[in-house]
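Have a look at the structure below before the remarks.
In our numbering, the protein residues as written are 47 to 362.
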């Protein structure tokens, strides 16, 4: 029995070791850049990191990222001056662009379309409107030198709060234990393809059961609930721009009207907020605009976004 147990342990170790080597050889596990909170309580990536982002269980998407000295994925450093024309694009993972090589980003595409223009991409996965306006406010001296600021907004996700506070859950990913676990590419890969999801769900259900928490049945999401939620989100937007300010002459929102409250669209128009709506361009595209296994924009979708931004700046 002891020999069998020893063999099982040995073979298990060899299997895990072999899988770890294979994952590294075929680069199935993504590199995880380190997050940090700067002196202004702005969450971003630790400066000057480099690696590769991998998506899908068969490496469907493999792209290179490069974190600049400002803490954002970009092919250039951010150095705005009064003598140059600069555009800032602020947003979440769609702007961050880990699904695309950093040297072929939306910002680079805009620069190719607008010579003598520098584009700075302030993208970070998980940012909402509070994060974005807090960033602009805290780096006011830098943003005041930038001629145009494009702010990406997903209405249903980005307006759920009316004030900024640090999201500790994201920063918790940088705990010593998590850092140690991320050294194993096999664990990173397994997590990315959902191997541990059933285990986590089972543990959560067990904890809820022991605590006596009975899950409530899902309620039907009727029109009244949607209207109330939309009103809350619009009020949150109003509170945020009152708190942090909003320069209507230089700022423009980037949105998809197909997934945006029409009441919010009406509010923007009535109060003279500029916005770039990419819904029609995406709908009329003969090619796919998003990745097959992911909701993020593919290269063609990014071409469209860059084209619309460039067109708006030209008209401006």
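Beta carbons are placed, not taken as given, at the ideal position from N, Cα and C, and that holds for glycine.
| Helix or strand or just coil, what does DSSP make of residue 321? | On the chain shown, residue 321 is found 275 positions in, with the first residue counted as 1. Three-state result, residue 321: strand.
| said: Can you tell me whether residue 241 is buried or exposed? The criterion is at least 16 other CB atoms within 10 Å of its CB, across all chains shown. | reply: The sequence position of residue 241 within the chain shown is 195, counting from 1. Residue 241 should be labelled exposed.
| query | DSSP on residue 70, reduced to helix/strand/coil? | reply | The residue labelled residue 70 in the question sits at position 24 within the chain shown. If DSSP states are grouped into helix, strand and coil, residue 70 belongs with the helices.
| request: Could you check which residue in 306, 60, 90 has the C-alpha nearest to that of residue 323? | output: Within the chain shown, numbered from 1, the residue matching residue 323 stands at position 277. When only C-alpha atoms are compared, the closest one is 306.
| task | Put residue 107 into one of helix, strand or coil per three-state DSSP. | result | The count along the chain shown starts at 1 and reaches residue 107 at position 61. Three-state DSSP puts residue 107 in a strand.
| Taking DSSP as the reference, what is the three-state secondary structure of residue 338? | Residue mapping note: residue 338 aligns to position 292 of the chain shown, counting from 1. Here residue 338 sits in coil by DSSP.
| message | Can you look up residue 264 in the DSSP assignment and give me helix, strand or coil? | response | Numbered from its first residue, the chain shown carries residue 264 at position 218. For residue 264, the predicted model reports a pLDDT of 49, less than 50, meaning its position is unreliable and no value from the coordinates is stated.
| request: Following the continuous beta strand (DSSP E) through residue 97, name the residue where it begins and the one where it ends. | output: In the chain shown, counting from the first residue as 1, residue 97 sits at position 51. Unbroken beta strand (DSSP E) run through residue 97: 96-101.
| field | Residue from 157, 119, 158, 127 whose Cα sits closest to the Cα of residue 146 | value | As a first step, residue 146 must be located in the chain shown, where it is residue number 100. Closest option to residue 146, Cα to Cα, is 119.
| task | Check each candidate in 171, 348, 356 and name the one with the smallest Cα separation from residue 161. | result | As a working mapping, residue 161 is identified with position 115 in the chain shown. Nearest C-alpha to residue 161: 356.
| query | So residue 107 and residue 93 are in contact, right, with Cβ under 8 Å, and what is the actual spacing, rounded? | reply | On the chain shown, position 61 is the one that residue 107 refers to. On the chain shown, position 47 is the one that residue 93 refers to. Your pair residue 107 and residue 93 does not check out as a contact, with CB atoms roughly 25 Å apart and the cut at 8 Å.
| query | In the structure shown, what three-state DSSP assignment does residue 180 receive? | reply | The residue labelled residue 180 in the question sits at position 134 within the chain shown. Secondary structure at residue 180: helix, using DSSP grouped into helix, strand and coil.
| query | In or out: residue 204 buried (at least 16 other Cβ within 10 Å) or exposed? | reply | In the chain shown, the residue the question calls residue 204 occupies position 158. Within a 10 Å sphere around the beta-carbon of residue 204 sit 16 or more other beta-carbons, which makes this residue buried.
| query | Would you call the CB atoms of residue 320 and residue 283 closer than 9 Å? | reply | Sequence index remark: in the chain shown, residue 320 carries index 274 (1-based). Sequence index remark: in the chain shown, residue 283 carries index 237 (1-based). No, these two residues do not count as a Cβ contact at 9 Å.
| If you check the beta carbons only, do residue 121 and residue 220 fall under 9 Å apart? | Stepping through the chain shown from its first residue, residue 121 is reached at position 75. Stepping through the chain shown from its first residue, residue 220 is reached at position 174. No.
| Should residue 136 and residue 212 be called a contact, given that it needs their Cβ atoms to be closer than 9 Å? | The residue you call residue 136 lines up with position 90 of the chain shown. The residue you call residue 212 lines up with position 166 of the chain shown. Not a contact, by the Cβ cut-off of 9 Å.
| message | Taking DSSP's pairing of strands, which residues face residue 301 in a bridge? | response | Here the question's residue 301 lines up with position 255 in the chain shown. Note: residue 301 sits in a beta bridge opposite 323.
| residue 178 and residue 168 closer than 9 Å at C-beta | Position 132 of the chain shown holds residue 178. Position 122 of the chain shown holds residue 168. A contact, by the Cβ cut-off of 9 Å.
| message | So, with DSSP's three-state summary, where would you put residue 218? | response | Start at 1 with the first residue of the chain shown, and residue 218 comes out as number 172. Correct three-state label for residue 218: helix.
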